[in-house]
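Protein chains in written order, with the numbering used here: chain A, 6 to 118; chain B, 12 to 123.
C-beta: ideal position from N, C-alpha, C; glycine also.
Down below is the structure, laid out as structure tokens.
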């Protein structure tokens, strides 16, 4: 089955630690995105990548980093510089063309302990 | 900068009722508008995608319309069921760099 897989589903981070969230897609999509969702709010764009080895900052990139070494993978690292990392993180992908439908993974819930 | 607003933030209706969810956007320069459903603690499921050249799309009991000139989209749900209870989000794909802007969603509760 084609789709987007995020792992882990739940992640706990201690203060000062870096953690990496995984996002893998087998849809052959060129573009991938990371969003953050806080309770009762919509999605805010963290980073996005439209092609391998290239990515751009979204609206709230501070404290996060990404890489895009392979077309199917777009991992997100939440660094210790991110002061309020507790949130629900969603990965999405699409073809990158203008009339394109976006598909989402099931999300990773990150909690600082 | 594109802003997307969804009204109301929450809606509760009895089973069987027809209902309309609203989505408004400030910048009409969008390629498409997509409606999603989100269940608690889950990712987003795509419901309908309306291209900028289209005015509406239908899937089963769902019908979405798009009026770019007025900056509005609506999602019509016919004969609502308790299983329709979820949060519904709309997103406009902006013309710059393929980035989408999301509304905060409408949380729908359908009571049996």
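Between the CA atoms of residue j and residue i - distance to the nearest angstrom
i	j	result
residue 60 of chain B	residue 101 of chain B	10 angstroms
residue 109 of chain A	residue 99 of chain B	14 angstroms
residue 86 of chain A	residue 65 of chain A	13 angstroms
residue 105 of chain A	residue 43 of chain B	8 angstroms
residue 53 of chain B	residue 34 of chain B	22 angstroms
residue 82 of chain A	residue 51 of chain B	24 angstroms
residue 63 of chain B	residue 77 of chain B	8 angstroms
residue 22 of chain A	residue 9 of chain A	26 angstroms
Cβ shell of residue i (< 8 angstroms), same chain only, five flanking positions each side left out
i	result
residue 24 of chain B	30, 91, 119, 120, 121, 122
residue 88 of chain A	68
Counterpart residues of residue i in DSSP-defined beta bridges
i	result
residue 42 of chain A	A/48, A/93
residue 9 of chain A	A/30
residue 47 of chain B	B/57, B/100
residue 69 of chain A	A/83
Contacting residues, own chain, Cβ-Cβ under 7 angstroms from residue i (five flanking each side not counted)
i	result
residue 117 of chain A	18, 20, 90, 91
residue 66 of chain B	76, 77
Cβ shell of residue i (< 6 angstroms), same chain only, five flanking positions each side left out
i	result
residue 57 of chain A	73, 76
residue 32 of chain B	86, 99, 117
residue 12 of chain A	27
residue 114 of chain A	15, 93
Given residue i as reference, the closest of the options once Cα atoms are compared
i	options	result
residue 72 of chain B	B/56, B/28, B/114	B/28
residue 94 of chain A	B/14, B/55, B/47	B/55
residue 53 of chain A	A/113, A/79, A/11, A/26	A/79
Report yes or no: do the segment 28 to 44 of chain A and the segment 98 to 107 of chain A share at least 3 C-beta pairs separated by less than 8 angstroms? yes
Three or more C-beta pairs under 8 angstroms: does that hold for the segment 33 to 51 of chain B against the segment 72 to 89 of chain B? yes
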